[in-house]
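Asker:
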């Protein structure tokens, strides 16, 4: 017997939880003791007078029962003699859209609840777009509360047409409208409701039992990401993973992506047997005929259809964090089994959830969707999401909080990585630095405005110059007069500011110089991004630690006074955050040491 | 009740979850409670890493009130599989003699299970703990992610769960945070029994009906597993043909009258059951939302 995974979604109060409770009740999935608890709860929290409030069966969290809303996706299980069902009951409130996306990402069909009295609402459209974006192909429009509109065919017809007009440009394969009443149980299990003789279609349960979600993964060529390398002893080396598409048999020729190395399947090893064939969706361990290197995140695929690899893509992205997406910032990402860093390099357009219109956007806020360009820090094997969900989906993770902040699907690779070849450089960085008898480095000063960064940096520059070293200072204020004069002080611009400085510093280090960078650089993520541009040991983070009160007392440029008067916006330390380094190479506390002593410490550190 | 489904999908999903943790966690552990769900979880872990051994230890939180047959079964299985097994009992609870009769079921569970679990995880520095919870068991569990994050102090915040899309599990945590991982999230009770039957997975004999000494208390059959069960006035020990649908501390786990002595009979009985398995769990009746509250405090 097969399993159908579907979601129910819709707006507030249109009866999702009631509908699911009704399905569980009618398919005899409610046990006696649960029914007793439901009766008691219906009296305590119920909204249906003396009747059973089925919504209370599924709203499981105390806060949900108290507020009478669904906050998080709930998974329910029921079965009929024809099929087994996993239903994800997803919340309607906009603020919980990410929970709805969680449920939708693994669903094969969607039940969109509509209150017959209200018709197609913004929420319905939002949920439809997310369902379509995540690749759900079959939707049923469950037009609920028909009892409240006198079982009117006209109301049903109007809503059906409205939705079809709206969904025209969404990629649903089938749309089925069913008029029903979850409260009364009409058209939920049995079809042919006496009150609606005009409706000849199936009941909701009949639809769920018969909808055929095509599983593209079954017919696609074989591909499996390596999830875990199984090497219990020297005589066994297997590549474990879940087959993303197609099927595989011993003897099949395979090619690894991205390395391009070829081999042959020697055996499919599973508990207790040597399998002769494994299919899409199965977790297996593959043994290859040759001793080759593959690690987690590589993809094993049939040689007939090798899996491509690239580092830059166009993608759709759903943002799920209260903190806005900052283009240029480095985030962590997971695509199938491959962990990488990812940067959103360009927001091509944001999607208006109601009209489908393309809007210009500089950043992306909670629950917003956009088409973007993304750049991974390494080449990743992939397939477009429309072809292969497992190889084309990724999540975006904040590097500091580790929260999951975005979910993306890949459209196609931008061929830039292939087209823009690096110029092969024959005289190396080491050779250039050796000529000057120095080690090329980037000394990165960070600290509040007025903390003494520039003072210390200038003294250090003189000191190193006197010692015959070739140095160069990149100073925040100076660079902002030229290279970065198009940038302001918003969070987005600050990120771009640091990105450019990092790149310039990298070129100078490549030239063999000791580069002294003196920038407030308030965010850890961007300093980390700069650090990642360099080789280990090249980047030296120097934290000039002066308390805010002291900086404000000195106020050499009079900026703090201005900021306090509200004449200067986004001033670090006043109305914009400074994230102090956690493990800088050097931590200079200026209250305890004069600038000369600080310089001494740096020189001492560099000699080690 | 669900008919027996195809297990291939469920099995593959659980195996994927085990491997994801093995590939990303620094010190994972499997909570082993000796029950039927733990037995299935253990078999799935063996399959996930076959032909290698299970690459993490088992941890049993021993409240001191488990059925004696459970303890004997635990030791036998751990030895057969060759798995490292940690046993842990809350030393404070043991010293103060905390038990369900003297201190009440709620307090006993708090100290000997919830507090003990947190102590054991901290003691060994485990960052990820597998648990056998299923979403069909209880309402707050139906809302929980497969990878469930715990703030320092092991607290669960149901309102701040991470989105969990596709099969992409974000396993990154900050120091002090931990993850509870539930590989059996999408299994139902019928799936568990069907799989045990199909795979011939060994389970504690208490699941099979046998004549056992029991007393009737609050309308439920409680087994007299040892001399520590104080008899109330009017209670008398009888021998009845009973079995257990779920196993925990013996004073807190009620038996059902049954004649099912084979796996086939158990499965048939489960499919026809009219009450949920947790009905035999005395602690679930402590109040509405009691499972959610216990979970927030760090209970599995």
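Residue numbers (this note's numbering), protein chains in the order written: chain V, 1 to 608; chain W, 1001 to 1300.
Backbone N, C-alpha and C define an ideal beta-carbon position, used for all residues, glycine too.
Since the structure is predicted, the reported quantities are computational estimates derived from the model, not experimental observations.
1. Taking a contact to mean a Cβ-Cβ separation below 9 Å, would you say residue 270 of chain V touches residue 246 of chain V in this structure?
2. Throw me the rounded Cβ distance for the residue 374 of chain V and residue 408 of chain V pair, which I believe falls under 8 Å.
3. Report the residues of the stretch 225-245 of chain V with a CB closer than 7 Å to any CB of chain W, ordered along the chain.
4. Going along the chain, which residues of its own chain have a beta-carbon closer than 7 Å to the beta-carbon of residue 169 of chain V, five neighbours each way excluded?
5. Residue 521 of chain V touches chain W at which residues, Cβ-Cβ below 7 Å?
6. Residues of the stretch 1017-1030 of chain W with a CB closer than 7 Å to any CB of chain V: list them in chain order, please.
7. Looking only at DSSP bridge pairs, what is residue 233 of chain V linked to?
8. Could you check if residue 444 of chain V is buried or exposed, using at least 16 other CB atoms within 10 Å of its CB as the buried criterion?
9. According to DSSP, residue 225 of chain V sits in a beta bridge with which residue or residues?
10. Compute the Euclidean distance between the alpha carbons of residue 167 of chain V and residue 136 of chain V, then round it to the nearest angstrom.
11. Can the beta-carbon of residue 265 of chain V be found closer than 9 Å to that of residue 287 of chain V?
12. With distances taken from CA atoms, which of V/584, V/413, V/154 and V/377 is nearest residue 392 of chain V?
13. Within the stretch 156-221 of chain V, note down every full beta strand (DSSP E) run reaching 3 residues or more, in order along the chain.
14. Nearest by alpha-carbon distance to residue 1197 of chain W: which of W/1031, W/1154 and W/1270 is it?
15. Does DSSP put residue 422 of chain V in a helix, a strand or coil?
16. Whose C-beta lies closer than 6 Å to the C-beta of residue 292 of chain V among residues of the same chain, with five residues either side of it excluded?
17. When we look at the beta-carbon of residue 1090 of chain W and count the other beta-carbons within 10 Å, is it buried (16 or more) or exposed?
18. Which parts of the stretch 424-463 of chain V are runs of the beta strand (DSSP E), unbroken and 3 residues or longer, counting only runs that do not cross its ends?
19. At 4 residues or longer, and completely inside the stretch 503-567 of chain V: list those alpha helix (DSSP H) runs for me, N to C.
20. Hey, would you say residue 1239 of chain W sits closer than 9 Å to residue 1202 of chain W, going by beta carbons?
21. Using a Cβ-Cβ distance under 9 Å, would residue 529 of chain V count as near chain W?
22. Could you list the residues in the stretch 260-276 of chain V with a C-beta less than 9 Å from some C-beta on chain W, going in chain order?
23. Closest to residue 540 of chain V by CA distance: which of V/521, V/506, V/497 and V/585 is it?
24. Note down, in chain order, each residue of its chain lying with its Cβ closer than 6 Å to the Cβ of residue 521 of chain V, except the 5 sequence neighbours on either side.
25. Could you please give me the residues that DSSP links to residue 1249 of chain W through a beta bridge?
26. Interface residues of chain V around residue 1089 of chain W at Cβ under 8 Å?
27. Run the CB neighbour count on residue 563 of chain V, radius 10 Å, all protein chains shown included, and call it buried at 16 or more, exposed below.
28. Output the distance between the C-alpha atoms of residue 487 of chain V and residue 239 of chain V, rounded to the nearest integer angstrom.
29. Hey, does residue 337 of chain V have any beta-carbon neighbour from chain W nearer than 9 Å?
30. When the Cα atoms are used, what is the spatial distance from residue 160 of chain V to residue 338 of chain V?
31. To the nearest whole angstrom, what separates the beta carbons of residue 111 of chain V and residue 7 of chain V, a pair I think is in contact under 8 Å?
32. Mind checking which residues open and close the alpha helix (DSSP H) that includes residue 1196 of chain W?
33. In the stretch 1167-1178 of chain W, which residues sit with their C-beta less than 9 Å from some C-beta in chain V, listed in chain order?
34. Going along chain V, which residues have a C-beta under 9 Å from residue 1082 of chain W?
35. Name the chain V residues whose beta carbon is nearer than 7 Å to that of residue 1052 of chain W?
36. In the DSSP output, what is residue 9 of chain V paired with across the bridge?
Answerer: Once the coordinates are examined:
1. For residue 270 of chain V and residue 246 of chain V, no; Cβs fall outside 9 Å.
2. 7 Å between Cβ atoms; contact.
3. Using a CB distance below 7 Å, the part of the stretch 225-245 of chain V facing chain W consists of 227, 228, 230, 232, 236, 240 and 242, ordered along the chain.
4. These residues qualify, in order along the chain: 356.
5. Under the 7 Å cutoff, chain W gives no residues; its nearest Cβ is about 22 Å from residue 521 of chain V.
6. Along the stretch 1017-1030 of chain W, going in chain order, the ones with a CB nearer than 7 Å to a CB of chain V are 1019, 1020, 1022 and 1023.
7. Partner(s): V/236.
8. Buried, because 16 or more other Cβ atoms sit within 10 Å of the Cβ of residue 444 of chain V.
9. Paired residue(s): V/299.
10. When rounded, the distance between both Cα atoms is 13 Å.
11. Against a cut-off of 9 Å, the Cβ pair of residue 287 of chain V and residue 265 of chain V comes out as a contact.
12. Residue V/413 is the option with its Cα nearest to residue 392 of chain V.
13. Counting only runs of 3 or more, we get 174-179.
14. If we check each option's Cα against that of residue 1197 of chain W, W/1270 comes out closest.
15. Caution applies to residue 422 of chain V, whose pLDDT of 45 falls short of 50 and renders its modelled position unreliable; the model cannot decide the point.
16. Only 261 and 263 meet the Cβ criterion.
17. Under this definition residue 1090 of chain W is a buried residue.
18. The qualifying runs are 441-446.
19. Listed in chain order, the complete alpha helix (DSSP H) runs (minimum 4 residues) inside the stretch 503-567 of chain V are 524-532, 548-554 and 559-564.
20. Cβ distance not < 9 Å, so residue 1239 of chain W and residue 1202 of chain W don't count as in contact.
21. Not an interface residue.
22. So the close ones are 269, 270, 271 and 272.
23. If we check each option's Cα against that of residue 540 of chain V, V/585 comes out closest.
24. Excluding its 5 nearest sequence neighbours in each direction, residue 521 of chain V has C-beta neighbours in its own chain below 6 Å: 446, 498 and 527, listed in chain order.
25. Looking at the DSSP output, residue 1249 of chain W sits in a beta bridge with W/1066.
26. What residue 1089 of chain W touches in chain V: nothing, since even the nearest Cβ is about 31 Å away.
27. It is buried - the Cβ of residue 563 of chain V has at least 16 other Cβ atoms within 10 Å.
28. The straight-line gap from Cα to Cα measures roughly 48 Å.
29. Answer yes: the Cβ-Cβ gap between residue 337 of chain V and chain W drops below 9 Å somewhere.
30. One C-alpha to the other measures close to 43 Å.
31. That pair is a contact at about 7 Å.
32. Following the DSSP letters along the chain, one finds residue 1196 of chain W inside the alpha helix (DSSP H) bounded by residues 1189-1199.
33. Against chain V - using a Cβ distance shorter than 9 Å - the residues of the stretch 1167-1178 of chain W are 1167, 1168, 1169, 1170, 1171, 1172, 1173, 1174 and 1177.
34. Going along chain V, no residue has its Cβ under 9 Å from residue 1082 of chain W, so there is no contact; the nearest lies around 12 Å.
35. Within 7 Å Cβ-Cβ: 230 and 232.
36. The partner list for residue 9 of chain V (beta bridge, DSSP) reads V/112.
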